[in-house]
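One structure below.
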Amino acid sequence: MGTVLTIVVIVVVILAAAALLFTYQRRRSGELQQRFGPEYERTVEESGDRRSAERELRGRERRVSQLEITPLSPESASAYRAEWAKVQQSFVDRPAGAVADADRLVLRMMREAGYPVDDFDQRANDISVEHPDVAAHYREAHRVAVADARGEADTEDLRQAVSSYRHLVDALLDDSEHDLRPNTTKEQA
């Protein structure tokens, strides 16, 4: 009788531990889904495995937390805002040039904010941590810029790309406007 009771207790403890583990994993998945939104689903689809996708997203969070990302200074933000207005105005006369200019502008803004910019996929993954809704726009805009460089984009594609770049420009400018930390220059960082 004592052996049966011991086995029952062990089984109950194992089932309780499994239930707690399942609940914990489900909660962590829900938090990632909420935090990353459509980027979560894109990553799951791309990896083909929810567990791998969640590992990837947690890895992004760890990576970005180690970067020295700082909002643009008010002066830089103002200059970029003016440059962005010129990019948008130039679209009428030179759509492809506007897309190329937007791509370069975003790259400069991200570099100044502290994002590593050597690899596009890494840039998009890094931006997805703080701006998951913007990452899809950035990927689409860049895809069009690359297609245009090969002569494979029409004017509507280019218009959509400029609109998509605007999402990232706005996010980076908003970061500089809503930063509550004291201004930090690169020399101080």
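The opening position of the sequence shown corresponds to residue 1 in full-length UniProt numbering, with each subsequent residue numbered one higher.
Every residue gets a Cβ at the ideal spot worked out from N, C-alpha and C, and that includes glycine.
**OP:** Alpha carbon to alpha carbon, how far is M109 from N183? Give it in angstroms, no decimals.
**Re:** Annotation note: pLDDT 42 at N183 (below 50); position unreliable, coordinate value reported separately. About 17 Å.
Original post:
How is F36 classed by DSSP in three states: helix, strand or coil?
Top reply: helix
**OP:** May I ask you to report which of helix, strand or coil DSSP gives E152?
**Re:** Correct three-state label for E152: coil.
Subject >> Rounded distance between the beta-carbons of A171 and H131, thought under 8 Å >> reply: 5 Å
**OP:** Note down the Cα distance separating L21 from R55, rounded to an integer number of angstroms.
**Re:** 16 Å
Original post:
Taking the alpha carbon of R42 as the point to measure from, which residue in T70, R26, A136 has its own alpha carbon closest?
Top reply: A136
Original post:
Would you say V123 and V129 are within 8 Å of each other, going by their C-beta atoms?
Top reply: The sequence shown places Arg at residue 123, rather than the Val named in the question. No. Outside cutoff.
Original post:
Quick one: any contact between the region 55-75 and the region 155-162, if contact means 3 or more CB pairs under 8 Å?
Top reply: no
**OP:** Within the same chain, show all residues whose beta-carbon is closer than 8 Å to that of Y115, passing over the 5 residues directly before and after it, in chain order.
**Re:** L67, I69, R123, D126, I127
**OP:** Inspect the beta-carbon positions of L72 and S164 and report whether they are closer than 8 Å.
**Re:** no
**OP:** Count the other C-beta atoms from every protein chain shown that fall within 10 angstroms of the C-beta of A77, then say buried if there are 16 or more, exposed otherwise.
**Re:** buried
Subject >> In chain order, each beta strand (DSSP E) run of at least 3 residues that lies wholly inside the region 84-118 >> reply: none
Original post:
Looking only at its own chain, which residues have a Cβ that is under 6 Å from the Cβ of V169, when we skip the five neighbours before and after it?
Top reply: W84
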